[in-house]
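Note sheet for the following structure.
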Amino acid sequence: MGRHHWRKIFSILFVLSIQSSVFSVTAADDINLKKVAEAEKRSEAITEAQGGLIMARDGETPLTALIAIGKAIEENDWQAAAEFVDLRYLPKGINPEDGPELLRKLVILWNKQNIIDLSQISDQPTGHLNDKLPSYRDLLGVLETNTGPVPVYMQHVPDGKGGKIWKISNATVAKIPELWDEYGYSPQIEALANFLPEFSAFHMENWQLLILSLSILFGWIGTGLISLAAISIAKHFEPKIAGLSRFCGRSLRWFLYLSLLQYAALALGLSVRARVWFDNSTLLYLANTILILGLVELYSAYKSKQLHDQDKSYSVALLRPMVAILKIVIVVIIALMWFESSGYNMATILTGLGVGSLAIALAAQKPLENVFGALTLYAARPIKPGDFCRFGATLGVVEEIGLRSTRIRKLDRTVVHIPNSVFSSQELENFSVIDRRRYKHDLRISLDTTKEQLQMLLMELRKLLLSHPRVLEVAQRARFLAIERDAFVVNVNAYIDTGDINEYFGIAEDLNFHLLNIMKELDIHIAPIGQNVVLNNAVPADLEVQQRAEQTIRQLIEEEELPFPNYSEDTRDKFKDTVAYPPIGSVTKPKDVLKSPEELEVENEIEAKS
-8 MGRHHWRKIF SILFVLSIQS SVFSVTAADD INLKKVAEAE KRSEAITEAQ
42 GGLIMARDGE TPLTALIAIG KAIEENDWQA AAEFVDLRYL PKGINPEDGP
92 ELLRKLVILW NKQNIIDLSQ ISDQPTGHLN DKLPSYRDLL GVLETNTGPV
142 PVYMQHVPDG KGGKIWKISN ATVAKIPELW DEYGYSPQIE ALANFLPEFS
192 AFHMENWQLL ILSLSILFGW IGTGLISLAA ISIAKHFEPK IAGLSRFCGR
242 SLRWFLYLSL LQYAALALGL SVRARVWFDN STLLYLANTI LILGLVELYS
292 AYKSKQLHDQ DKSYSVALLR PMVAILKIVI VVIIALMWFE SSGYNMATIL
342 TGLGVGSLAI ALAAQKPLEN VFGALTLYAA RPIKPGDFCR FGATLGVVEE
392 IGLRSTRIRK LDRTVVHIPN SVFSSQELEN FSVIDRRRYK HDLRISLDTT
442 KEQLQMLLME LRKLLLSHPR VLEVAQRARF LAIERDAFVV NVNAYIDTGD
492 INEYFGIAED LNFHLLNIMK ELDIHIAPIG QNVVLNNAVP ADLEVQQRAE
542 QTIRQLIEEE ELPFPNYSED TRDKFKDTVA YPPIGSVTKP KDVLKSPEEL
592 EVENEIEAKS
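Start counting the sequence shown at -8; every next residue gets the next number (our numbering).
Here you go:
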């Protein structure tokens, strides 16, 4: 293709951008997507029924004349189609030889405002007799103009063979040049249409397809540039409004792009069959849907960041399914609005949805159970992401609570998905909500231990529990629980002031070391397990330790201070927090594990002032 051809194309496109207002014609108010679809369906049925009739009937009735014109136009045979145009008695300046061109212009003007419903066209040689028109004339429709409606007639005229035939009226043909000058395509458009190869699609002509394709391409590039500018501005507000850059890069761009295509398409002077999609604002409905869903996502991201900053991660998990449900409701409402604007009866649609909802509800019973199970989990809050729990035989950390299932990562790092309907209806044990940990041991003491040693052991154990700063006063016990045939059973029970399992292990370890030291000082041993027979030399008991224990117990009895069943309140207060924890020499400072950073900061300020 030569350089001058490209210059010609771009010059024509430039003119089109200036004269785009010429192409817009007011659409008929009573035409919508439903009516167009129904009219096309009826017309196709009538055309198929007439297809079996002999060609001799062409023009015998208004219906057969229009069907013949339509077939000729589909075959691009405008000369044959012009045989059904009355070219007699035309005004000066209108050449009958231009019949094919005049018909082509009339078809374009007609298609921009009307559609032909063949079911409304008479299939009688006499035409419609009750339309208050002369018997030789039938009305096809009207073309709306600024000066009023212009009727388009079919007329019963002589066929030159002694008979009569139905043709497009010469009175209508006489007005085509005037109508074309006012509402037709400009010479530049005609030149572009003639320059391009002949093709059509979606009820659009070649030049309309070309300009719409260029609008699609350059519209995407143009809205992309606008989106980039918006993103650069949004980055300044991103710390406060999370997700703003993503909204500008996706939702805003698609909204502008589809809106641009909507207005570009309406400026092309499309036929009713092509324009009906745009007259019903299909692209605008889609653009507004994307924009509204983007705003919902933007608010969700903003709210999620706000809840994270407030340490309300559980509410973030609840926000996700609520946003999903809101999106579904928005899409359904906008879809119903589009159906209403397209001519479909809203009551009929809702009735159909009501009838079908029962089948849908039955089919979606299990998914709905899972959705309501998720809402139950969010409302009751037995668990939240990050909790360590046991569900049946499954033990692991909750990673996500979705609309369908809850995801748990087990200790071996495998993932289990449990349906929410099951998860919310069965027994669940949540370890992460433990506010204190239980320290419990049953010491099986050797039967060689004397009564006085056992008493000293109980005293020291109770003293240890009272003295340790991380042991709570609730349910503290050190009791001589039972005498069995192979051991004395001493029960130690207490609660540690932490729910963290790792911190608990450290404190329990410290208590165990203190317990071992007490048993070593009192020369008390753990009873062997089972009934093993051991032959070895007898080890004499440490009489000095036994005597010291007896003397201490005797002295406490004489002074009436024997701590059984427990220590006195004064003694308990003296023991409290006298054990160093963490132990002396630990890399952890003793007070750091007991006070929060805020408390330490306040203490530092007080020390600095003093």
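Idealized CB from N, CA, C, for every residue including glycine.
Exposure label - residue i; buried when at least 16 CB within 10 Å
| i | result |
| --- | --- |
| N102 | buried |
| S34 | buried |
| G118 | buried |
| G602 | Within the shown structure, residues of the chain are numbered from -8 to 601, placing residue 602 beyond reach of any answer. |
| F238 | buried |
| E451 | buried |
| T405 | exposed |
| F14 | For F14, the predicted structure reports a pLDDT of 31, less than 50, and the residue's modelled location is therefore unreliable. The matter cannot be settled from this model. |
| G139 | exposed |
| I515 | buried |
| L94 | buried |
| Q546 | exposed |
| F5 | With a pLDDT of only 37 at F5, under the threshold of 50, the placement of this residue in the model should not be trusted; the figure read from the coordinates follows. Under this definition F5 is an exposed residue. |
| A683 | In this structure the chain extends from -8 to 601, so residue 683 is not present and cannot be described. |
| R396 | With the sequence shown as reference, residue 396 is identified as Ser, and Arg is not the correct amino acid for it. It counts as buried. |
| S223 | exposed |
Backbone CA spacing between residue i and residue j [nearest angstrom]
| i | j | result |
| --- | --- | --- |
| R468 | P531 | 32 Å |
| D561 | I474 | 31 Å |
| Q602 | Y430 | Any question about residue 602 goes unanswered here, given that the chain covers just -8 to 601. |
| D533 | V407 | 59 Å |
| V16 | G260 | Its pLDDT being 31, under 50, V16 is placed unreliably in this model, and the value from its coordinates should be taken loosely. So the two alpha carbons sit approximately 7 Å from each other. |
| K294 | Q199 | 46 Å |
| L57 | S160 | 13 Å |
| L183 | A192 | 17 Å |
| L203 | A255 | 7 Å |
| S218 | L243 | 7 Å |
| K123 | T214 | 55 Å |
| I180 | E196 | 11 Å |
| S332 | L81 | 43 Å |
| S412 | I425 | 25 Å |
| R428 | A220 | 57 Å |
| V320 | L249 | 22 Å |
| Y174 | E92 | 16 Å |
| F555 | L449 | 9 Å |
8 Å Cβ cutoff met for residue i and residue j
| i | j | result |
| --- | --- | --- |
| K482 | L472 | Per the sequence shown, the amino acid found at residue 482 is Asn instead of Lys. Result yes, Cβ atoms of N482 and L472 sit closer than 8 Å. |
| L257 | F269 | yes |
| P142 | V133 | yes |
| L274 | L247 | no |
| L289 | L235 | yes |
| S126 | P53 | no |
| R264 | I106 | yes |
| V389 | P373 | no |
| D488 | R453 | no |
| V323 | T280 | no |
| D501 | Y558 | no |
| V27 | I64 | no |
| Q444 | A518 | no |
| Q111 | R128 | no |
| D108 | A30 | yes |
| K25 | G334 | yes |
| R381 | E391 | no |
| R563 | L419 | no |
| Y144 | A162 | yes |
| L170 | L100 | yes |
Minimum Cβ-Cβ distance from residue i to chain B less than 8 Å
| i | result |
| --- | --- |
| L208 | Among the chains in the structure shown there is no chain B, since it carries only a single protein chain. |
As assigned by DSSP and simplified to three states, the class of residue i
| i | result |
| --- | --- |
| A499 | helix |
| D20 | Model confidence at D20 stands at a pLDDT of 48, short of 50, so the residue's coordinates are unreliable and nothing is read from them. |
| T385 | strand |
| N421 | strand |
| F479 | strand |
| D568 | coil |
| Y486 | strand |
| Y293 | helix |
| P606 | In this structure the chain extends from -8 to 601, so residue 606 is not present and cannot be described. |
| S177 | coil |
| R395 | coil |
| H505 | helix |
| F190 | coil |
| F379 | strand |
Query raised in the report: Residue ranges of each alpha helix (DSSP H) run of no fewer than 4 residues wholly in the segment 227 to 263, ordered along the chain?
Result: 235 to 240, 242 to 257
Query raised in the report: Considering only residues of the segment 85 to 146, which uninterrupted alpha helix (DSSP H) runs meet the minimum length of 4 residues and lie entirely inside it, listed in chain order?
Result: 90 to 102
Requested in this report: Could you tell me which uninterrupted beta strand (DSSP E) segments, each at least 3 residues in length, are contained entirely in the segment 442 to 475, listed from first to last along the chain?
Outcome: 468 to 474
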